[in-house]
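Structure first, then comments.
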DNA sequence: GCGGAATTGTATGCTCTACTAACGATTAGG
DNA sequence: CCTAATCGTTAGTAGAGCATACAATTCCGC
């Protein structure tokens, strides 16, 4: 008991009040992720790329010839999810698949010229997006935040 | 130039290496959110409740009679998304809708007895989930993390 | 070397979340 | 009183994640 009724409009608690949810770390991660996701989507509206697609382009650029399973491992995606990402990027001619010469089970992934170009544009958008994010923190805080988040995803 | 080939299996970089992605705050928030989401889903497998559903139950419990639009505002969901959440919870008889007496446009949301019970169980699962999360941090760190995440979602 | 187990890619189908656009009902403001 | 704004609702679209099943390939024990 004690929770005040809101049937009338004399709301006694401010609109941002989240009650007991306020102290839950997981809840804040969820909201923060949502906010970042929304801003990302706006920033990348012109490029029409999602976070996952950009991450995949980026990783394939840094690890040319990487296999799908390895790409998925680093981005914490399962095989099926990785497939749909790569399918879309291949359909837009940003990426191509080749059978690996060392292991015929694997596909080796490479960026096409169009993919390199798209990634270059994406990097500029990411810089902008990150600037929006980092404006809230000092350099030390940003570093600490990244380090703590890394502890969560191992 | 510079990026080592992975066509062969002499991978010169460790499997956790994310290259330039490492420094991107948004990327770490994404991965952390994924990890939290996965653990949450495991923890709540028996209850068959999602993060959003639990958050909604919790908020309606703290603000009985809250309108859908207000619920959505606090959880950063639009009206359509809020609808589907409330629909599911109502279908499982955890929540009921009533027309607001003060504003006939609004629905006033209340937990049913089943909803109260489900929330009680959910709270125990959340405690477990949060303990898993908090094990990585000191009390001070956890507080700082929450505060920094709050800066992101305002 | 051979046969069974594990790995990788692929296809299919389901779910949750989120968004847009439209519409009707109700309320609020000039 | 009439118009604009708000709220709920429905329908459609899309990304992301997961499970399952299957084929091809490789690996390992014998």
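Residue numbers (my numbering), protein chains in the order written: chain A, 1 to 154; chain B, 155 to 308.
By construction, the Cβ of each residue, glycine as well, lies at the ideal position given by its N, Cα and C atoms.
Since the structure is predicted, the reported quantities are computational estimates derived from the model, not experimental observations.
Minimum Cβ-Cβ distance from residue i to chain B less than 8 Å
i, result
"residue 148 of chain A", "yes"
"residue 51 of chain A", "yes"
"residue 9 of chain A", "Confidence is the limiting factor: at residue 9 of chain A the pLDDT is only 40, short of 50, which leaves the residue's position unreliable, though a coordinate-based value still follows. Closer than 8 Å: yes."
Chain-ordered neighbours of residue i on chain B, where CB pairs are closer than 9 Å
i, result
"residue 121 of chain A", "Result: empty, since nearest Cβ-Cβ is about 16 Å, beyond 9 Å."
Per-residue contacts from residue i into chain B (C-beta, under 7 Å)
i, result
"residue 76 of chain A", "185, 188"
"residue 69 of chain A", "What residue 69 of chain A touches in chain B: nothing, since even the nearest Cβ is about 11 Å away."
Within chain A, the residues that residue i reaches when beta carbons sit closer than 7 Å
i, result
"residue 180 of chain B", "36, 40, 129, 130, 133"
"residue 299 of chain B", "25, 148"
Other residues of its chain near residue i: CB distance less than 6 Å, five sequence neighbours each side excluded
i, result
"residue 101 of chain A", "none"
"residue 247 of chain B", "266, 268"
"residue 273 of chain B", "211, 215"
"residue 77 of chain A", "none"
"residue 108 of chain A", "65, 98, 100"
Within chain B, the residues that residue i reaches when beta carbons sit closer than 8 Å
i, result
"residue 136 of chain A", "302, 305, 306"
Below-8 Å beta-carbon distance, residue i vs any chain A residue
i, result
"residue 272 of chain B", "no"
"residue 296 of chain B", "yes"
"residue 261 of chain B", "no"
Amino acids of chain A, ordered along the chain, whose beta-carbon sits closer than 8 Å to that of residue i
i, result
"residue 173 of chain B", "58, 59, 62, 63"
Residues that residue i contacts on chain A, provided the C-beta gap is smaller than 9 Å
i, result
"residue 239 of chain B", "Result: empty, since nearest Cβ-Cβ is about 13 Å, beyond 9 Å."
Own chain partners of residue i with C-beta closer than 7 Å, once the 5 adjacent residues on each side are dropped
i, result
"residue 194 of chain B", "205, 283"
"residue 125 of chain A", "43, 44, 47"
"residue 9 of chain A", "Low confidence applies to residue 9 of chain A: its pLDDT is 40, below 50, so where it sits in the model is not reliable enough to give any reading."
"residue 207 of chain B", "239, 242, 243"
"residue 181 of chain B", "175"
"residue 311 of chain B", "In the structure displayed, chain B extends from 155 to 308; residue 311 of chain B sits before or after that span and is not available."
Contacting residues, own chain, Cβ-Cβ under 8 Å from residue i (five flanking each side not counted)
i, result
"residue 29 of chain A", "152"
"residue 145 of chain A", "137"
"residue 223 of chain B", "233, 236, 260"
Check: residue i C-beta below 7 Å from any heavy atom of the ligand FMN
i, result
"residue 248 of chain B", "In the structure on display, the ligand FMN does not appear, and there are no ligands present to speak of."
* Please go through the region 76 to 132 of chain A and give each complete beta strand (DSSP E) segment of 3 or more residues, from N-terminal end onward. => Runs of the beta strand (DSSP E) inside the region 76 to 132 of chain A: 95 to 99, 107 to 111.
* Every unbroken beta strand (DSSP E) within the region 162 to 232 of chain B, with a cutoff of 3 residues, ordered by chain -> If only complete runs of 3 or more residues are kept, the region 162 to 232 of chain B shows no beta strand (DSSP E) anywhere.
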